[in-house]
Each structure stands twice: as C-alpha cells, then as structure tokens.
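The structure under discussion appears below in the form of structure tokens.
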Amino acid sequence: MAPLDNSKGVWKSGKGKGRKTPKGRQLEDQAHSEVLALLGDRPRNRDLLIEFLHLIQDAYGHLSAAHIRALAEEMRTGQAEIYEVASFYAHFDVVKEGETPPPALTIRVCDSLSCELAGAQQLQKALEDGLDASQVRVLRAPCMGRCDTAPVLEIGHNHIDHATVEKVQAAIAADDTHVHVPAYETLADYQADGGYAVLKDLRAGGDWEAVQAKIKEAGLRGLGGAGFPSGTKWGFVRANEGTRYLAVNGDEGEPGT
Ligand code: FES
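Spelled out as structure tokens, the structure:
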C-alpha cells in the first residue's frame with residue numbers, strides 16, 4: 016500500500032498517534048501572562064480562587080474563557096471547577112468564545128424587601144430609561160446589607176445609600192465607581208481598648224453559670240422561628256464533650272427572611 020500523504024497533518028500518525036495538543040481549550044500565551052501579572056507571587060492556594068476571580072473581573076470587566084483556562088493552569092485545577100465557582104456568583108461575568116462582554120460599568124439595584132419598599136423598582140426603571148445600555152448595564156441584586164439606607168445600589172464597587180438618579184449621575188461624572196472602605200477599628204485596637212475581656216475571662220475559668228443565668232434571665236432568644244432560649248441552647252453545647260464548632264450568622268439574609 017502506498018504511504019499516506021500526511022503533509023497537511025490530517026491523519027493520525029502511527030507512532031504516538033493522537034493529538035499534538037492536549038484535548039480541550041488551549042492555553043493562550045497572552046491570557047496566561049495577563050493572569051500571571053494579576054496573581055503576582057500570591058500562593059496558588061485553592062481557597063484564594065474567588066479572590067483571583069475578582070482580580071480578573073476587576074481588571075477586564077469579565078472572565079473570558081481564555082483567562083479561565085490560564086487560571087486553571089496556574090492553580091493546577093480543572094477549568095470546570097473554576098467555571099462552577101465563577102458562574103455561581105452574580106458578581107462574575109463569564110464570557111465564552113464568541114460572546115459579547117458586558118459594558119464596562121454595571122449598576123446593581125437592590126431588589127430585596129427594604130429597598131423594594133423604598134422604591135427600588137422605580138429607581139431601576141428610571142436608570143434603565145436614562146442610561147445608554149451600551150455603556151452601562153443595570154441589574155437587580157439581592158440585599159446588600161445596608162437596609163437602613165434603602166434604596167441602595169452599587170455602581171461598580173461603590174455603594175450608594177438612599178440612592179437617586181441624581182446621585183448615580185454624579186458618581187458617573189466623577190468616575191466614583193470604586194469601593195469606599197471606612198476607617199474600621201482594627202482587632203488589635205479593639206482588644207487594646209478592652210475588647211473581648213469578658214470572653215478571655217470566661218475562657219480562663221470565669222463564672223460561666225452566672226453568665227448563662229443572666230442570659231436566661233434577659234430572655235434572649237434565637238430569631239430563627241423557634242425562638243429558642245439562647246441560655247438553654249448554650250447549655251446543651253457546653254454539656255457536650257469534645258471539640259465544639261459554632262457557626263455564627265451563617266446567612267441571615269435580608270430582613271424579610
Ligand atoms: S434590602 Fe436593600 S440593602 Fe437590604
């Protein structure tokens with residue numbers, strides 16, 4: 016039989032037959048160097064995945080398939096795992112090949128209970144009517160934990176309390192779309208000021224029973240529906256031997272929940 020003409024590389028070769036490149040999406044040099052530049056010398060720990068996704072989202076306004084591939088390479092994990100995490104959270108925009116990236120600026124209007132009552136729907140409509148959708152996209156979003164200043168929205172990463180169209184206009188004009196971090200008291204300052212003194216005292220063998228009695232007397236109860244007395248519940252935990260784990264406020268969600 017005449018030898019195969021494989022000058023176009025369309026036939027599997029006999030020796031080491033199969034693909035010349037790994038199956039699936041290929042690593043792109045540019046996307047890889049962009050991800051490398053963003054990650055710097057941070058350890059490639061799996062628990063930092065969300066932080067890395069934020070870095071890419073903030074730098075490029077979305078997560079492209081090429082960046083996800085590059086991140087998978089860096090973290091030595093599968094693209095599927097990164098995709099699962101990225102597509103779970105509303106703050107990440109996964110853009111596959113051939114899809115159009117979202118506009119550079121996103122406004123998220125809280126649509127949970129307090130904000131709804133304070134006119135979030137009308138605010139969202141006014142923004143959608145007034146803004147150029149090719150430049151700014153307006154989305155609904157769940158509670159932002161600022162219900163006391165409803166209605167609330169987030170423009171880029173800047174939260175606007177008691178939001179109005181005028182405040183949004185001013186923020187856009189001033190390019191004020193970045194996070195405002197308040198001057199929080201640090202843990203060290205808090206402790207230096209006597210913070211956690213009671214806890215330290217109790218851990219050192221303080222009068223637990225007296226505290227429990229006071230909590231019971233105060234009538235403190237859980238707000239999860241059952242209204243279980245906190246002092247009694249704490250007693251159950253204390254009565255158990257071994258390591259105890261306490262999950263505090265795992266997700267209370269918005270006030271209506
Ligand atoms: S309901 Fe809007 S911030 Fe909580």
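Numbering (our numbering), first residue to last: 16 to 272. Just so it is clear, CB atoms sit at the ideal spot from N, CA and C, and this is done for glycine as well.
Check: residue i C-beta below 7 Å from any heavy atom of the ligand FES
i: Val183; result: no
i: Arg123; result: no
i: Ala105; result: no
i: Met159; result: yes
i: Ala178; result: no
i: Ala165; result: yes
i: Ser48; result: no
i: Leu128; result: yes
Span of the alpha helix (DSSP H) around residue i
i: Glu169; result: Taken as a continuous stretch (DSSP letters only), Glu169 belongs to no alpha helix (DSSP H), being part of the beta strand (DSSP E) at Leu168 to Ile170.
i: Val252; result: Ser245 to Ala254
i: Cys130; result: Leu128 to Leu132
i: Leu42; result: Careful: Leu42 lies outside any alpha helix (DSSP H) and carries neither H nor E.
i: Val226; result: Trp223 to Ala233
i: Asp147; result: Looking at the DSSP string, Asp147 is not in any alpha helix (DSSP H), and its letter there is neither H nor E.
Residue span of the beta strand (DSSP E) that contains residue i, given as start and end
i: Leu154; result: Val151 to Ala156
i: Arg218; result: Here Arg218 belongs to no beta strand (DSSP E); instead the alpha helix (DSSP H) covers Ala212 to Arg218.
i: Leu120; result: Leu120 to Cys125
Rounded Cβ spacing between residue i and residue j (contact assumed at less than 8 Å)
i: Arg91; j: Ala46; result: Incorrect: roughly 16 Å between the Cβ atoms, too far for contact.
i: Lys122; j: Val183; result: For the record, residue 122 in the displayed sequence is Ile; it is not Lys. Right, their Cβ atoms sit about 7 Å apart.
i: Val50; j: His82; result: 6 Å
i: Arg161; j: His174; result: 6 Å
i: Pro116; j: Val151; result: Wrong, their Cβ atoms sit about 14 Å apart, outside the cutoff.
i: Pro166; j: Leu146; result: Contact doesn't hold; Cβ gap of about 16 Å is too wide.
Contact test: residue i Cβ vs the ligand HEM heavy atom, cutoff 7 Å
i: Leu138; result: As presented, the structure is devoid of the ligand HEM, carrying the ligand FES as its sole ligands.
Ordered list of alpha helix (DSSP H) runs contained in the stretch 60-118, each at least 4 residues: Counting whole runs of 4 or more residues, the stretch 60-118 contains the alpha helix (DSSP H) stretches 64-75, 80-90 and 94-103.
Every unbroken alpha helix (DSSP H) inside the stretch 177-208 [4 residues or more]: Listed in chain order, they are 180-188 and 202-207.
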